[in-house]
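Chemist:
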Amino acid sequence: MAPLATIARSPAALTLTPRRAWQLTLDNGASLELGRLDTDARLNRFIATYPQVAALQAAKTQVDLRYLSGFTIRNAVSSAPSVMTASTTNKNL
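If you want it as structure tokens, here you go:
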């Protein structure tokens, strides 16, 4: 877990779920779903992206890294996703 030091984070817990997938909890409360395979590559993708995405740095964030070409971010504080409509994003519509 030494690479986490490059983003000033450290592991708080590493869990093997009942489905035999790895879940890593960081010291700020963020939860990373690493899955069963390619965990090193997935963690490295998170570390490479971390400085560029402010949402990753929020406490209690849930990050699902099990996708091949990206990942999802869910803020645990907000239970419902925010929805933007045309009337709120573009007043001319």
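So for the sequence shown, this note's numbering puts the first residue at 142; every next one is plus one. Even glycine gets a Cβ: it sits at the ideal position worked out from N, Cα and C.
1) How many Å lie between Thr-190 and Asp-181 at the Cα?
2) Is Met-188 near Thr-202, with beta carbons less than 9 Å apart?
3) Helix, strand or coil: how does DSSP classify Thr-190 here?
4) How many whole angstroms separate the CB atoms of Tyr-166 and Ala-153, which I take to be in contact at a CB cut-off of 8 Å?
5) Taking C-beta to C-beta, are Asn-235 and Arg-183 nearer than 9 Å?
6) Evaluate Ala-171 with the Cβ neighbour count: other Cβ atoms within 10 Å of its Cβ, from every protein chain shown; 16 or more gives buried, anything less gives exposed.
7) Give the DSSP-derived three-state secondary structure of Thr-226 in the structure shown.
8) For Pro-192, I'd like the list of residues in its chain whose CB is within less than 8 Å of its CB, leaving aside the five on either flank, ordered along the chain.
Modeler: If we stick to the structure as given:
1) Approximately 14 Å, taken between the alpha carbons.
2) In the sequence under discussion, the amino acid at residue 188 is Ile, which differs from the Met named in the question. Cβ distance not < 9 Å, so Ile-188 and Thr-202 don't count as in contact.
3) helix
4) A small fix is needed here, since residue 166 is Thr in this sequence, not Tyr. The pair is a contact, with the Cβ atoms about 5 Å apart (cut-off 8 Å).
5) In this structure the chain extends from 142 to 234, so residue 235 is not present and cannot be described.
6) buried
7) Model confidence at Thr-226 stands at a pLDDT of 46, short of 50, so the residue's coordinates are unreliable and nothing is read from them.
8) In its chain, beyond the 5 residues on either side, Ile-148 have a beta carbon closer than 8 Å to the beta carbon of Pro-192.
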